[in-house]
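Colleague: To start, I am sharing the structure in question, which I have written as structure tokens.
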Amino acid sequence: MERLQKVIANSGYTSRRKAEDLITAGKVKVNDKIVTELGTKVTSKDIIYVEGKLIQREEKVYYVLYKPEGYVSTTSDEFGRKTVLDLVPNSKRIYPVGRLDYDTSGVLLLTNDGDFTNQMTSPKNHVEKEYHVKLEGLLRKEESTLICRGIKLDTYKTKKAKIKDVKYNKKNLTTLATITITEGKYHQVKKMFEFTGHKVLKLKRVRFGAVTLENMRIGEHRLLKPYELKQLKNLVN
Ligand code: URA
Numbered sequence: 000m001e002r003l004q005k006v007i008a009n010s011g012y013t014s015r016r017k018a019e020d021l022i023t024a025g026k027v028k029v030n031d032k033i034v035t036e037l038g039t040k041v042t043s044k045d046i047i048y049v050e051g052k053l054i055q056r057e058e059k060v061y062y063v064l065y066k067p068e069g070y071v072s073t074t075s076d077e078f079g080r081k082t083v084l085d086l087v088p089n090s091k092r093i094y095p096v097g098r099l100d101y102d103t104s105g106v107l108l109l110t111n112d113g114d115f116t117n118q119m120t121s122p123k124n125h126v127e128k129e130y131h132v133k134l135e136g137l138l139r140k141e142e143s144t145l146i147c148r149g150i151k152l153d154t155y156k157t158k159k160a161k162i163k164d165v166k167y168n169k170k171n172l173t174t175l176a177t178i179t180i181t182e183g184k185y186h187q188v189k190k191m192f193e194f195t196g197h198k199v200l201k202l203k204r205v206r207f208g209a210v211t212l213e214n215m216r217i218g219e220h221r222l223l224k225p226y227e228l229k230q231l232k233n234l235v236n
């Protein structure tokens, strides 16, 4: 079930504001009945006419992209940098589910389903995100424990995290590790390690829920498989 004005806006007919005006002005019909109530919800089976024109419902699509470094996770960039949409040519109005930094690579989901995006990015829903990190310095056990318990950053305390596969390069004084978190605040992983004095030199997201980079090459995208989508939706239900 989706709000009528949202369905009209998503079809590309007009903006959500204008769709609301058209509804209240009596210009919208749902299954041959004029609807003027703004809260009206419709399903994919309802037939909608706006100013006498049939609204084409946009089919929902879900992609995973193996994002390379050097791309912004927005639909456009004020500095003219390349965006992840340059890598997923599409006639639908898709956008990234959350963000990966310009210099972060890895699993990035893209969709035109706003409800799915909200569910996936809500910290209430505990969708696991796993990252491979390369850190400056040698991460001590106590620092790792501190991060995993939750630390106070800016205005919030991070939820429990898991760190595994810690490997040291004693010659270069760097650490490789895998961290799993269930949130996705701005620069979160970088800030968590920087809290203990370790700069993140490289960051790659290797898993989002059940979705991994398996068999994908950098810069490549594909549709989510039905079981992957189902697993992600089940996680939040
Ligand atoms: N945490 C970060 O700091 N950056 C990302 O891109 C993703 C998670």
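First residue of the sequence shown? That's 0 in numbering that gives the first Met the number 0, and the numbers climb one at a time after it.
Even for Gly, the Cβ is constructed at its ideal location relative to N, Cα and C.
1. Could you tell me which residues DSSP pairs with Lys201 in its beta bridges?
2. Considering Asn233, what are the terminal residues of the alpha helix (DSSP H) in which it resides?
3. In the DSSP assignment, find the unbroken alpha helix (DSSP H) run with Thr116 in it and report its ends.
4. Starting from Phe207, follow its DSSP beta bridges and name the residues at the other end.
5. If you draw a straight line from the C-alpha of Tyr101 to the C-alpha of Ser72, how long is it?
6. In the DSSP assignment, find the beta strand (DSSP E) that holds Thr173 and state where it starts and stops.
7. Write down the C-beta distance between Lys66 and Leu3 rounded to the nearest angstrom, noting that I regard them as a contact closer than 8 Å.
8. Could you check whether the Cβ of Leu138 sits closer than 7 Å to any heavy atom belonging to the ligand URA?
9. Run the proximity test for Val188: is its beta-carbon closer than 7 Å to any non-hydrogen atom belonging to the ligand URA?
10. With distances taken Cα to Cα, identify the nearest neighbour of Tyr48 among Glu57, Lys32, Thr42, Tyr62.
11. Go ahead and label Ile178 buried or exposed: buried means 16 or more other beta carbons lie within 10 angstroms of its beta carbon, across all protein chains shown.
12. Go ahead and label Met191 buried or exposed: buried means 16 or more other beta carbons lie within 10 angstroms of its beta carbon, across all protein chains shown.
13. Could you name the residues of the same chain whose beta carbon sits closer than 8 Å to that of Ala220, not counting the 5 residues immediately before and after it, in chain order?
14. When the Cα atoms are used, what is the spatial distance from Ile93 to Leu145?
15. Who pairs with Leu107 in a beta bridge, going by DSSP?
16. Whether or not the region 132-143 and the region 196-204 are in contact is what I'm after, with contact meaning three or more pairs of Cβ atoms, one per stretch, closer than 8 Å; do they touch?
17. Counting C-beta neighbours from all protein chains within 10 Å, is the total for Leu53 16 or more, i.e. buried, or is it exposed?
18. Assuming Val27 contacts Asp45 (C-beta within less than 8 Å), just tell me the rounded distance between them.
19. Could you tell me which residues DSSP puts in a beta bridge with Arg221?
20. Between Gly105 and Gly196, what straight-line distance do the alpha-carbon atoms span, to the nearest angstrom?
21. Beta carbon of Asp100: closer than 7 Å to some heavy atom of the ligand URA?
Modeller: To lay it out plainly:
1. Here residue 201 is taken as the residue at index 202 of the sequence shown, counted from 1. DSSP output for Lys201 lists Lys133 as bridge partner(s).
2. By one-based count along the sequence shown, residue 233 stands at place 234. From DSSP, the alpha helix (DSSP H) with Asn233 extends over 225-235.
3. As a working note, residue 116 is residue 117 in the sequence shown. Thr116 -> alpha helix (DSSP H) spans 113-120.
4. In the sequence shown, residue 207 corresponds to position 208, counting from 1. Phe207 pairs with Lys128, Val210.
5. For the purposes of this step, residue 101 is taken as residue 102 along the sequence shown, with counting starting at 1. For the purposes of this step, residue 72 is taken as residue 73 along the sequence shown, with counting starting at 1. Their backbone Cα atoms lie some 7 Å apart in a straight line.
6. The sequence position of residue 173 within the sequence shown is 174, counting from 1. 173-180 is the span of the beta strand (DSSP E), which, as asked, contains Thr173.
7. Here residue 66 is taken as the residue at index 67 of the sequence shown, counted from 1. Here residue 3 is taken as the residue at index 4 of the sequence shown, counted from 1. At roughly 35 Å, the Cβ-Cβ gap does not stay under 8 Å, so Lys66 and Leu3 are not in contact.
8. Taking the sequence shown and counting its residues from 1, one reaches residue 138 at position 139. No - the ligand URA has no heavy atom lying nearer than 7 Å to the Cβ of Leu138.
9. Walking along the sequence shown from the start, residue 188 turns up at place 189. Val188 Cβ: within cutoff of the ligand URA.
10. Counting from 1 along the sequence shown, the entry for residue 48 is found at position 49. Of Glu57, Lys32, Thr42, Tyr62, the residue nearest in Cα terms is Lys32.
11. Within the sequence shown, the letter at position 179 stands for residue 178. It counts as buried.
12. In the sequence shown, counting from the first residue as 1, residue 191 sits at position 192. Counting Cβ neighbours within 10 Å, Met191 comes out buried, since at least 16 surround it.
13. The residue you call residue 220 lines up with position 221 of the sequence shown. Checking the sequence shown, residue 220 turns out to be His, not Ala. Same-chain partners within the cutoff: Tyr62, Val63, Leu64, Tyr65, Leu86, Val87, Leu109.
14. Translated into positions along the sequence shown, residue 93 becomes position 94. Translated into positions along the sequence shown, residue 145 becomes position 146. Each residue's alpha carbon lies about 38 Å from the other.
15. In the sequence shown, counting from the first residue as 1, residue 107 sits at position 108. DSSP, once it has assigned bridges, lists Leu64 as partnering Leu107.
16. yes
17. Taking the sequence shown and counting its residues from 1, the one referred to as residue 53 is at position 54. Label assigned to Leu53: exposed.
18. For the purposes of this step, residue 27 is identified with residue 28 of the sequence shown, where counting begins at 1. For the purposes of this step, residue 45 is identified with residue 46 of the sequence shown, where counting begins at 1. Rounded, the Cβ-Cβ distance is 11 Å, inconsistent with contact.
19. Position 222 of the sequence shown, counted from the first residue, corresponds to residue 221. DSSP lists Val63 as partners of Arg221.
20. Taking the first residue of the sequence shown as position 1, residue 105 is located at position 106. Taking the first residue of the sequence shown as position 1, residue 196 is located at position 197. So the two alpha carbons sit approximately 24 Å from each other.
21. By one-based count along the sequence shown, residue 100 stands at place 101. At least one heavy atom of the ligand URA is nearer than 7 Å to the Cβ of Asp100, so yes.
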